[in-house]
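Number of protein chains: 2
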Amino acid sequence: MSEPETSGPRRVTRADVARRAGVSTAAVSYVLNGSAKVSEATRARVLAAVAELGYRPNAAARALKLGSAAQLGLVVPGVLNRFFAELTDLAERAAATHGLALVVTSARDGVGPAIGRLASRQVDGVLVATGVTAADLAPLAGAGIPAAVLDHVVEGVTSIGVDRYQGARDAVEHLLGHGHRRVGFVGPDEPGRRRQAWTDALAAAGVAAEPLVAAEFTRGEGYRAGRALAAMPDRPSAVFVTSDDQAIGVLLALHEAGVRVPEDVAIASFDGSQESAYCWPPLTTAAQPSEEMVRIAVDRLVAREPGQLELPARLVVRRSCGCTP
Amino acid sequence: MSEPETSGPRRVTRADVARRAGVSTAAVSYVLNGSAKVSEATRARVLAAVAELGYRPNAAARALKLGSAAQLGLVVPGVLNRFFAELTDLAERAAATHGLALVVTSARDGVGPAIGRLASRQVDGVLVATGVTAADLAPLAGAGIPAAVLDHVVEGVTSIGVDRYQGARDAVEHLLGHGHRRVGFVGPDEPGRRRQAWTDALAAAGVAAEPLVAAEFTRGEGYRAGRALAAMPDRPSAVFVTSDDQAIGVLLALHEAGVRVPEDVAIASFDGSQESAYCWPPLTTAAQPSEEMVRIAVDRLVAREPGQLELPARLVVRRSCGCTP
DNA sequence: CTGAAAGCGCTTACAG
DNA sequence: CTGAAAGCGCTTACAG
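Protein sequence lines correspond, in order, to chains D and Z. For the first sequence, our numbering begins at 67 and goes up steadily by one. For the second sequence, our numbering begins at 67 and goes up steadily by one.
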């Protein structure tokens with residue numbers, strides 16, 4: 067199209083620095099990598115040359131030699147989901163703590179390709195915040211790259227998850243504690259631990275587990291479910307929603323229909339994203355210990371320490387369940 | 067701490083593939099890089115060997131040789147802000163279109179360090195979605211890495227921005243069009259184009275530009291501003307808020323105080339994040355053409371095509387201004 | 001304490 | 001159409 071910029075001044079390499087400082091190239095590496103085997107005078111000369119030349123080590127060369135690109139990969143379903151956006155932010159911080167950069171890969175075209183892309187990038191580890199099987203992770207194992215699954219526990223794979231059953235159960239029981247006897251469920255149609263917790267909690271309370279309104283994990287699906295709820299002749303007086311994002315969609319539909327929350331329908335959800343505190347009414351939600359999960363996962367990745375860990379969810383009580391009027 | 071995994075099977079290199087396929091290592095490269103200079107039979111043998119061995123080219127070696135790591139850098143203030151989360155998602159998609167990965171760097175410790183980190187990583191370009199000066203970008207220029215500023219236009223720097231003045235002015239005028247004569251401003255205390263638009267629009271309408279409630283670009287600050295608004299004896303009947311995130315904070319404070327939107331206070335904001343459609347009431351907002359901005363910026367980065375472009379904002383009318391009751 | 005040298009895995013002219 | 005070889009910029013034993 068237009069004239070491409072000329073390649074500009076040749077990149078400055080450590081050879082330039084060595085020449086300028088009057089030392090060997092090895093000395094430059096030693097100084098930069100903090101080896102002790104270099105005199106104070108040499109160190110000063112090298113550092114001065116580095117500053118004068120604006121030298122930056124070539125990360126690719128370093129990665130080739132060391133077999134590490136000093137970066138972590140993160141696979142998310144997409145950063146648009148509130149909860150995953152927060153995870154991305156936390157992961158970036160945690161990685162930075164170890165001097166690692168974060169390569170974000172969305173699994174929009176499937177988790178397999180996403181992992182494949184990362185596997186050839188000499189990443190030092192991969193954080194996976196999507197549904198995966200051990201097989202999906204195989205290319206990483208082949209390349210000697212450790213992986214840690216975030217958010218849920220997968221058999222045979224290093225994973226730091228949250229106890230979805232307990233979190234959901236706490237939320238549903240909280241709703242029951244408000245005296246509700248018809249507590250609906252908004253979430254994926256497939257069986258899962260949150261759904262099981264809902265079923266069990268209602269069974270324990272001696273009431274029927276219904277209605278179930280199917281919705282995938284997006285605000286849009288939550289909105290559709292909310293419209294369905296609003297239109298129900300025998301609407302439940304409370305619902306448990308499997309994620310904050312879905313609950314925010316439910317909220318919108320209910321508002322539009324003039325159904326009041328929590329007066330007409332009480333709501334409790336799952337995730338504890340920051341958004342849950344800023345919608346109206348603020349959501350009572352089973353909060354995942356995201357910060358802790360990410361920190362632990364990154365630490366284990368860096369230490370190449372395998373293992374599984376399930377952390378508890380914590381019920382955060384706000385207005386949507388009817389607690390704070 | 068625990069025993070580190072053993073280094074595992076040595077990585078398979080193109081030499082292994084060549085041996086297995088019975089061809090030279092060059093042939094492997096030719097096949098993988100789609101060069102025409104290789105026979106069909108050879109190609110098939112190489113591809114078979116690649117599949118059998120699960121070979122993945124070493125990205126670092128490729129980057130060193132080619133001077134390109136096939137990745138783009140993105141500098142954001144943080145991915146927690148709704149708008150930047152969406153930008154991150156869009157950038158990841160746009161980069162993938164060109165076969166590039168996305169390295170996300172938060173400018174939490176300042177834009178200088180963030181850019182420095184990227185500069186040594188052989189990224190093929192950097193997308194900057196933070197306030198920057200041409201000087202901040204100097205290390206990139208030194209390394210021959212093109213940069214493009216997103217979201218606003220910076221003098222002397224390739225940038226794809228939105229017309230903040232026009233967007234804000236449209237929003238304020240829309241509020242005036244509803245008959246409001248006291249239209250407040252919630253946004254940063256420093257002068258800026260959005261604030262100027264607010265001042266000008268009110269001047270043109272012959273009314274005083276007040277009150278101005280200072281708030282930085284976060285939901286928390288928006289919340290504080292909303293509380294201040296709610297407590298005002300001479301509360302304006304409408305406010306323009308400089309971002310959706312802030313507006314969502316304002317909304318929460320107003321709800322808590324029992325101030326109705328739009329009946330008591332009409333609101334219009336800026337950004338057009340997806341969140342603006344899902345809060346209550348949904349926000350009338352001057353929407354940035356994010357998808358287009360990101361696509362154009364990435365295309366220009368890849369083509370190393372400099373230049374500046376300012377795109378119009380588009381007013382999306384929803385309930386918060388009083389339009390759709 | 002410092003320097004010369006090998007090698008990380010790739011790509012790509014250059015000969016054949 | 002294919003192979004041998006140089007070289008990208010670094011790190012790090014190994015001699016001195």
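Here a beta-carbon is modelled for each residue, glycine too, at the ideal position from N, C-alpha and C.
Legend entry - Under 7 Å between C-beta atoms of Ala343 (chain D) and Leu381 (chain D): no
Inset, instruction - Take the Cβ of Arg111 (chain D) as the centre, count every other Cβ of all protein chains shown within 10 Å, and call the residue buried at 16 or more, exposed below. - result: With a threshold of 16 other beta carbon atoms within 10 Å, Arg111 (chain D) meets it and is buried.
Inset, instruction - Reducing DSSP to helix, strand and coil, say where Tyr265 (chain D) ends up. - result: A quick correction: the sequence has Thr, not Tyr, at residue 265 (chain D). If DSSP states are grouped into helix, strand and coil, Thr265 (chain D) belongs with the helices.
Inset, instruction - Out of Z:Gly324, Z:Glu282, Z:Gln262, point me to the one whose CA is closest to Pro254 (chain Z)'s CA. - result: Z:Glu282
Inset, instruction - Go to Phe336 (chain Z), then tell me how far its beta strand (DSSP E) extends in each direction, as first and last residue. - result: First-last of the beta strand (DSSP E) with Phe336 (chain Z): 332-337.
Inset, instruction - Measure the Cβ-Cβ separation of Ser335 (chain D) and Val307 (chain D) and say whether it is below 7 Å. - result: yes
Legend entry - Beta-carbon proximity of His240 (chain D) to Gly388 (chain D), cut-off 7 Å: no
Inset, instruction - From the DSSP output, in three-state form, read off Asp236 (chain D) for me. - result: Helix at Asp236 (chain D).
Inset, instruction - Could you tell me which chain D residues have their CB closer than 7 Å to the CB of Arg111 (chain Z), listed as they occur along the chain? - result: Within chain D, no residue comes near Arg111 (chain Z); the closest Cβ sits about 21 Å away, beyond 7 Å.
Inset, instruction - Go ahead and pull the three-state DSSP assignment for Gly292 (chain D). - result: helix
Inset, instruction - Please name the residue or residues paired with Phe149 (chain Z) in a DSSP beta bridge. - result: Phe149 (chain Z) pairs with nothing; no bridge assigned.
Inset, instruction - Confirm, please, whether the CB-CB distance from Ala332 (chain D) to Ala304 (chain D) is below 7 Å. - result: Yes. Within cutoff.
Legend entry - Listed by chain order, chain Z residues near Asp188 (chain D) by CB distance under 8 Å: The question names Asp, yet the displayed sequence has Gln at residue 188 (chain D). Those within 8 Å of Gln188 (chain D) in chain Z are Asn124, Ala125, Ala126.
Inset, instruction - State yes or no: is the beta carbon of Val170 (chain Z) nearer than 7 Å to at least one beta carbon in chain D? - result: yes
Inset, instruction - From the DSSP output, in three-state form, read off Ser172 (chain D) for me. - result: strand
Inset, instruction - Specify the secondary structure class of Thr308 (chain Z) as computed by DSSP and reduced to three states. - result: coil
Inset, instruction - Name the two residues that bound the continuous beta strand (DSSP E) containing Arg380 (chain Z). - result: Counting along the chain, the beta strand (DSSP E) containing Arg380 (chain Z) begins and ends at 380-382.
Legend entry - Ala332 (chain Z): contacting residues in chain D (beta-carbon distance under 9 Å): In chain order: nothing, as chain D lies at least about 17 Å away.
Inset, instruction - Could you list which residues in chain Z have their beta carbon closer than 8 Å to that of Gly120 (chain D), in chain order? - result: Pro205, Gly208
Inset, instruction - Select from Z:Ile314, Z:Thr284, Z:Val169, Z:Leu184 the residue whose C-alpha is nearest the C-alpha of Leu146 (chain Z). - result: The residue with the shortest Cα to Cα distance from Leu146 (chain Z) is Z:Thr284.
Legend entry - Alpha carbon of Val83 (chain Z) to alpha carbon of Glu221 (chain Z), nearest angstrom: About 51 Å.
Legend entry - Cutoff 7 Å; reference Glu287 (chain D); Cβ partners in own chain excluding five residues on either side: Ala281, Gln312, Gly315.
Legend entry - Under the three-state DSSP convention, the category Gly120 (chain D) falls into: Here Gly120 (chain D) sits in coil by DSSP.
Inset, instruction - At 4 residues or longer, and completely inside the region 87-117 of chain Z: list those alpha helix (DSSP H) runs for me, N to C. - result: Listed in chain order, they are 91-98.
Inset, instruction - Under 7 Å Cβ to Cβ from Arg261 (chain D), same chain only, skipping five residues before and after it: list those, please. - result: Phe251, Gly253
Legend entry - Inter-residue Cα distance where the pair is Tyr289 (chain D) and Pro355 (chain Z): 24 Å
Legend entry - Inter-stretch contact (C-beta, 8 Å, three-pair minimum) for the region 176-186 of chain D and the region 122-132 of chain D: Cβ pair count under 8 Å is below three, so no.
Legend entry - Between the CA atoms of Ala214 (chain Z) and Gly338 (chain Z) - distance to the nearest angstrom: 22 Å
Legend entry - Assigned secondary structure, Glu322 (chain Z) (DSSP; H/G/I helix, E/B strand, else coil): Three-state result, Glu322 (chain Z): helix.
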